[in-house]
Amino acid sequence: MVTDQSRLPRLMVAAPATGQGKTTIATGLMAALRARGVEVSGHKVGPDYIDPGYHAVATGRPGRNLDPHLMGEERVAPLLLHGARGADVAIVEGVMGLHDGRMGTDGFASTAHVARLTRTPVVLVVDISRMSRSVGALVAGMAVFDPGVEVVGVVLNRAGSPRNVAEVRRSLDVPVLGVVPRDDAVTTPSRHLGLVPAAERDGVAELVSRLGELVARHVDLDAVLEVARSAPALHAEPWDPAAEVTAVAGAPVVAVAAGRAFTFSYAETEELLRAAGCRVVRFDPLRDPALPAGTRALLLGGGFPEVHVHRLARNAPLLAQVRTAVDAGLPTVAECAGLLYLLEALDDVPMVGVIGARAAMTERLTLRYPVARAVGDSLLTRAGEEVRGHEFHRTALLRAARGWTPAWDVDGELIGVASATLHASYLHLHWVGHPAMAQRFAEAAAGTEPVAVPSDARSVGSVGSAGSGVAVADPEVVDPLRHHGDRETGPGLLDLAVNVHPERRPAWLEQALAEGLRESVSYPDPSAARAAIAELHRRRPDEVLVTAGAAEAFELVARWKQWRHVVVVHPQFTEPHAALARAGHEVSVVHCRPEDGFRLDPSAVPEDADLVVLGNPTNPTGVLHPAADILRLRRPKRIVMVDEAFIDTVEGERETLARDRRRGLLVVRSLTKHWSIPGIRAGYLLGSERSIAALEARQVPWSVSTPAVHAAIACTGPAALAEAGRRAARIAEWRAHLVACLEERGVEVVPSQASFVLARLGSGARSALRERGVAVRRADTFPGLDGEWVRIAVRPPAVVARLMRELDALSVRV
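Counting in the numbering used here, the sequence shown runs without a single skipped number right up to 829 at its last residue.
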């Protein structure tokens with residue numbers, strides 16, 4: 016480790032032109048030296064965000080940028096020393112050709128410029144696949160073109176035959192530090208803006224390791240270190256973020272977008288914010304359903320939202336929260352990808368919708384290094400201030416954003432939008448060059464109230480491995496409201512996550528399904544099923560609507576009316592809530608509280624609600640609410656929708672409202688779980704004839720398949736009623752055994768009347784069980800529950816015994 020920072024060993028990896036292999040050699044050098052036990056600091060000339068990501072993987076330290084245009088000449092050497100604190104050597108990767116800089120400036124911000132500012136010796140990487148003696152002329156010219164730049168060696172890249180390498184060597188007057196052959200196995204994939212970022216690639220660590228091995232085999236690392244140690248002393252003090260800003264009070268949380276869609280960031284930005292007294296918390300807009308708790312400011316940097324636009328759009332809870340928070344004045348900075356995220360739509364896919372404009376991919380690449388002038392006072396700027404930034408994108412706004420003050424004037428072109436609380440544009444800035452922006456942002460955060468985190472937002476899981484040694488990825492949660500138990504299980508996992516009845520289907524049901532398949536040569540007619548269901552529940556056929564599972568019923572109700580005030584009682588199955596949200600309704604949540612045993616309190620439902628949705632028994636708690644309490648929810652001009660998808664697991668179907676014909680009641684039933692037919696979407700709605708007629712008018716023709724029709728008929732007959740009773744009794748026995756085993760181990764269990772139980776195993780228990788090959792249903796995607804709870808499907812004692820063994824092995828306790 017270097018103790019005298021001014022004596023920092025360092026070298027610049029440059030090239031005569033882009034495409035010679037600088038990133039491969041520079042990253043490989045970093046990885047190879049680190050593998051030797053050398054502490055390496057990685058740096059990149061220019062504004063590029065992508066290469067430093069690979070440097071970070073290779074070195075285990077943040078990748079850093081050195082750019083005189085963005086940060087000012089006087090800060091380049093201090094930033095190099097700052098980034099290399101504690102390192103044995105610094106490797107700086109150049110940009111483009113050695114002498115190529117900002118157009119019209121005679122090489123300003125070029126690799127050569129940074130080499131002069133930091134007094135760093137240069138090693139040239141030259142692709143010799145199509146040259147021999149001309150390499151000598153090329154390198155000689157590069158070496159003498161600028162007397163202030165010292166070219167001390169060369170790495171011959173993509174080398175071919177030994178004869179050609181020998182010819183090249185004889186042409187050179189500088190030491191050859193390595194001869195690296197072409198190796199297509201270590202090529203790095205690219206797309207419309209260059210390399211694919213390291214944070215978006217699977218197996219990037221393995222790739223970088225291979226790069227290190229390649230360089231270690233073909234480059235003289237001792238000679239490289241000797242060259243680096245020849246660098247002269249730097250007469251500069253390391254940059255200190257604390258000297259640039261003043262800390263605000265209260266440690267306001269600044270939420271910083273990260274993950275695969277937002278990979279562009281400068282390490283110094285977060286360092287400045289921390290020095291300004293902020294607590295920086297990263298979140299992933301692809302995965303996280305809410306902003307971090309306590310968020311008082313939002314930073315949306317650059318990246319590739321166009322690649323991940325559909326996944327971003329599916330995270331509807333986060334989009335809604337960001338829209339509400341930014342509209343309400345949350346201090347927000349958005350650069351490029353962040354700007355696109357805040358628009359109405361990107362490539363016709365809905366985004367947050369704060370800024371009234373749309374964008375789309377184009378054939379034209381926008382690449383410039385401008386000086387921009389602030390149009391007016393805003394969150395970040397004061398009118399007339401000049402900044403130096405860069406643009407790099409292939410998207411374009413389809414029209415200017417209306418109703419906003421422009422952020423910047425770039426050579427007469429007005430770009431971006433700005434206000435007292437929002438600053439968004441395509442322009443990327445390095446706040447090291449403009450620390451006042453970090454100060455203003457921190458002060459705005461300190462003066463803002465924290466964003467309220469929705470009660471139905473929970474964090475997502477990570478990756479684990481099964482106890483069998485087979486890697487089993489933790490299921491990704493994109494939209495908590497649409498996360499189902501079938502995502503939790505997989506090959507090699509014992510399934511206690513899915514509520515489908517574990518026994519074989521009865522022979523009479525198999526026969527009915529086969530008959531339905533044979534008759535599928537014509538369009539389905541659900542009238543016979545409608546009549547059978549009506550007879551079962553002692554209703555008229557016009558009070559029954561056969562549906563493609565309960566899911567279709569929820570969608571129909573969501574699109575039935577322009578509901579004024581929708582209330583969903585949680586925790587419960589989330590699909591009704593999701594359907595209502597998809598239909599554009601704002602949903603209010605009434606929580607059944609753990610301290611009340613998750614029982615319904617009818618008085619908690621607002622009087623003005625015109626649609627109230629609840630489950631009975633409720634998924635995931637298994638609580639069976641008294642029918643009398645549900646009936647207390649009835650009001651004139653109010654619909655109460657009761658999801659009875661699991662009522663058939665209750666012995667005697669106690670508390671069912673299926674036969675209650677009072678107005679304003681809708682009952683949803685499902686055949687999926689109890690009869691082990693999740694692939695045959697079969698369910699139905701019960702209600703008044705007027706309600707059923709209105710819902711039927713919105714049903715897609717032939718949505719219910721012929722096999723589902725036959726299944727519905729079969730499941731209403733005498734054999735089905737007898738078997739349903741036997742199954743419910745077995746479930747009750749299995750459930751009692753499961754609960755007893757859990758309670759013996761001190762686990763809190765919610766009293767259940769369904770085919771599952773809600774248990775408080777403790778934080779981390781679900782992931783730990785998954786690593787041992789047992790899948791239980793996460794509960795933190797159900798509004799009102801957190802990661803301490805899991806839902807466990809009721810299973811026979813032999814299966815429960817395996818679960819208990821794994822719990823005992825983990826010593827899981829409350």
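Cβ coordinates follow ideal geometry from the N, Cα and C atoms, glycine included.
{"query": "F407, buried or exposed, once every other Cβ within 10 Å from all chains shown has been counted against 16", "result": "buried"}
{"query": "Minimum length 3: unbroken beta strand (DSSP E) runs contained in the region 493-541", "result": "509-511"}
{"query": "Spatial distance of N514 from R792 (CA atoms)", "result": "10 Å"}
{"query": "Strand pairing of N172, partner residues [DSSP]", "result": "D142, V195"}
{"query": "Y356: first and last residue of the uninterrupted alpha helix (DSSP H) it sits in", "result": "352-357"}
{"query": "DSSP beta-bridge partners of T721", "result": "In the DSSP output, where bridge partners are listed per residue, T721 has none listed."}
{"query": "Continuous beta strand (DSSP E) stretch holding S6: start and end", "result": "Past the boundaries of the shown model lies residue 6; the chain is included only from 16 to 829, so the question cannot be answered."}
{"query": "M118: first and last residue of the uninterrupted beta strand (DSSP E) it sits in", "result": "That residue, M118, is in no beta strand (DSSP E); it is neither H nor E in DSSP."}
{"query": "Host beta strand (DSSP E) of E837 (start-end)", "result": "Lying before the first or after the last residue shown, residue 837 is absent from the chain, which here runs from 16 to 829."}
{"query": "Within the region 36-124, ranges of the alpha helix (DSSP H) (whole runs, at least 4 residues)", "result": "37-50, 65-74, 83-86, 88-98"}
{"query": "Under the three-state DSSP convention, the category W749 falls into", "result": "helix"}
{"query": "Own chain, CB closer than 6 Å to A99, minus 5 neighbours either side, in chain order", "result": "L23, S56, A105"}
{"query": "Validate contact between the region 697-717 and the region 635-643 using beta carbons, cut 8 Å, 3 pairs", "result": "no"}
{"query": "Environment of E108 [buried if 16+ CB atoms lie within 10 Å]", "result": "buried"}
{"query": "Buried/exposed call for T652, threshold 16 Cβ in 10 Å", "result": "In the sequence as displayed, the identity of residue 652 is Lys instead of Thr. Its Cβ having fewer than 16 others within 10 Å, K652 is exposed."}
{"query": "Reduced DSSP secondary structure (H/G/I, E/B, other) of M366", "result": "coil"}
{"query": "Nonlocal neighbours in the same chain, by C-beta distance under 7 Å from V155, ignoring five residues either side", "result": "Reading off the sequence shown, one finds Ala at residue 155, where the question assumed Val. Around A155: D188."}
{"query": "Cβ-Cβ distance between S720 and P541 below 7 Å", "result": "no"}
{"query": "Endpoints, the alpha helix (DSSP H) within which H552 is located", "result": "Note, H552: premise wrong, no alpha helix (DSSP H); not H, not E."}
{"query": "Complete alpha helix (DSSP H) runs within the region 428-471 (minimum length 4 residues, chain order)", "result": "450-461"}
{"query": "Cβ pair count under 8 Å reaching 3, the region 326-336 against the region 349-367", "result": "yes"}
{"query": "Contacts around R25, its chain only, beta-carbon distance under 6 Å, and the 5 residues preceding and following it disregarded", "result": "A105, T135, A243, A246"}
{"query": "Residue range of the beta strand (DSSP E) that includes F771", "result": "771-775"}
{"query": "Cβ separation of E259 and L288, assumed to be a contact under 8 Å, to the nearest whole Å", "result": "11 Å between Cβ atoms; not a contact."}
{"query": "Run of the beta strand (DSSP E) containing D424, from where it starts to where it stops", "result": "423-425"}
{"query": "C-alpha distance - R678 paired with V602, whole-angstrom precision", "result": "23 Å"}
{"query": "Distance, A312 Cα to V269 Cα", "result": "5 Å"}
{"query": "7 Å Cβ cutoff met for G309 and A352", "result": "no"}
{"query": "Touch test, the region 444-461 against the region 411-425, Cβ-Cβ under 8 Å, three pairs minimum", "result": "no"}
{"query": "Burial state of P62 (16 or more Cβ within 10 Å)", "result": "buried"}
{"query": "Straight-line Cα distance separating F279 from F298", "result": "14 Å"}
{"query": "Supposed contact pair P67 and G78 - C-beta distance, whole angstroms, cut 8 Å", "result": "3 Å"}
{"query": "Nearest to G265 (by Cα), restricted to the options A780, G43, A460", "result": "A460"}
{"query": "Chain-order list of residues whose beta-carbon lies under 7 Å from that of E758 (same chain, five-residue window excluded)", "result": "V764"}
{"query": "Proximity below 7 Å, CB of Y699 to CB of V561", "result": "yes"}
{"query": "Minimum length 3: unbroken beta strand (DSSP E) runs contained in the region 266-328", "result": "268-272, 294-298, 310-315"}
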